[in-house]
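Asker: What follows is a single structure, and I will ask about it in a moment.
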Amino acid sequence: MSGAVARSSQQVLVPGAVPRLMEVQEDGTLVAEVEGSAERGVVRLIAIGDDIVRASLRGLTFVAAKVFLQEAVEEARKRGLKLVNLEDLTVSLARILVDTALQRRADLLVKVLDQLLPPRIPRNYSYYEFSYAGRITSVHMGFQADLSAAEPDTARSLLDLFTELASQIAERLGTGVEYTVEKDSSRYTLKFSFKVEIPRRRAL
994 MSGAVARSSQ
1004 QVLVPGAVPR
1014 LMEVQEDGTL
1024 VAEVEGSAER
1034 GVVRLIAIGD
1044 DIVRASLRGL
1054 TFVAAKVFLQ
1064 EAVEEARKRG
1074 LKLVNLEDLT
1084 VSLARILVDT
1094 ALQRRADLLV
1104 KVLDQLLPPR
1114 IPRNYSYYEF
1124 SYAGRITSVH
1134 MGFQADLSAA
1144 EPDTARSLLD
1154 LFTELASQIA
1164 ERLGTGVEYT
1174 VEKDSSRYTL
1184 KFSFKVEIPR
1194 RRAL
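Structure below.
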């Protein structure tokens, strides 16, 4: 990872109430409550200056990340974008993933997860729907990503993020989740998946 890094949330977010994600839009952007107002933005594992520029050009008002390079902080100051500590959004991000799965929106799940996985990292997604007696009973969403062992900082940040997401999905939402990491001399292989049960509709 090149460039200076700003890791402290105090450096990138004006003090206030803890932000939370509220919904995902059709284009994959997220609506969040930040400092008491609804804002539109994106989530990143590591935010660079270009992420801020692209967000600004799209009319977005915040970028959330686990790590901000100093160039991202400087661009955000120039363009008036709010920077949010992704760790503050873990619980609401887990809820967004589960709620989107309940809506059977694999397309939106991919858009959200694609934001979190750095562009250069190869990934494969899987999505299945299970049915019984003509009714969809559950959905299964997952991915596999390959990370170079030559980038330990990126690997560590990604593993930390999905470890926390897996914990939130399993413990707070009571949803089945599988998360494994395999490592050899050249790469990490991260596998992450969760399954949600579709509630039966009550008869009127």
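Position 146, counted from 1, in the sequence shown is what our numbering calls 1139; the numbers after and before it change by one each time, with no gaps.
Note that CB positions come from ideal geometry on N, CA and C, so glycine has one too.
(1) What is the rounded straight-line gap between the Cα of T1093 and the Cα of L1102?
(2) Nearest-angstrom Cα distance between Y1121 and Q1063?
(3) Could you give the distance in angstroms between the alpha-carbon of P1012 and the alpha-carbon of V1056?
(4) With a CB to CB cut of under 8 Å and the five nearest residues on each side skipped, what residues in its chain are close to R1180?
(5) Look up L1140 in the DSSP assignment and give the residues it is bridged to.
(6) Whole angstroms are fine: how far does the CA of G1127 sit from the CA of R1149?
(7) Applying the criterion that 16 or more other CB atoms from any shown protein chain within 10 Å of the CB defines a buried residue, is L1050 buried or exposed?
(8) Just how far apart, CA to CA, sit R1070 and V1060?
(9) Mind reading off the beta-carbon distance from E1068 to T1130? Whole number of angstroms is fine, and I expect it under 8 Å.
(10) Should S1186 be labelled buried (16 or more other beta-carbon atoms within 10 Å of its own) or exposed?
(11) For D1177, collect the residues of the same chain with a Cβ closer than 6 Å to its Cβ; drop the 5 residues on either side in sequence, then sort them by chain order.
(12) Under the three-state reduction of DSSP, which class applies to I1045: helix, strand or coil?
(13) Identify, in the order they occur along the chain, each residue of the same chain with its Cβ nearer than 7 Å to the Cβ of A1048, setting aside the five sequence neighbours on each side.
(14) If I measure Cβ to Cβ from E1032 and keep anything under 6 Å in the same chain, skipping five residues before and after, which residues do I get?
(15) Which partner residues does M1015 have in the DSSP bridge list?
Answerer: Reading from the atomic positions:
(1) 7 Å
(2) 40 Å
(3) Whole-angstrom Cα-Cα distance: 12 Å.
(4) D1139, L1140, S1141, A1142
(5) Y1181
(6) Approximately 43 Å, taken between the alpha carbons.
(7) With fewer than 16 Cβ atoms within 10 Å of its Cβ, L1050 is classed as exposed.
(8) 16 Å
(9) Under the criterion of beta carbons closer than 8 Å, E1068 and T1130 do not qualify as touching, at roughly 46 Å.
(10) buried
(11) none
(12) helix
(13) G1034, V1035, V1056, L1074
(14) A1025, T1054, F1055
(15) Paired residue(s): none; M1015 is not in a bridge.
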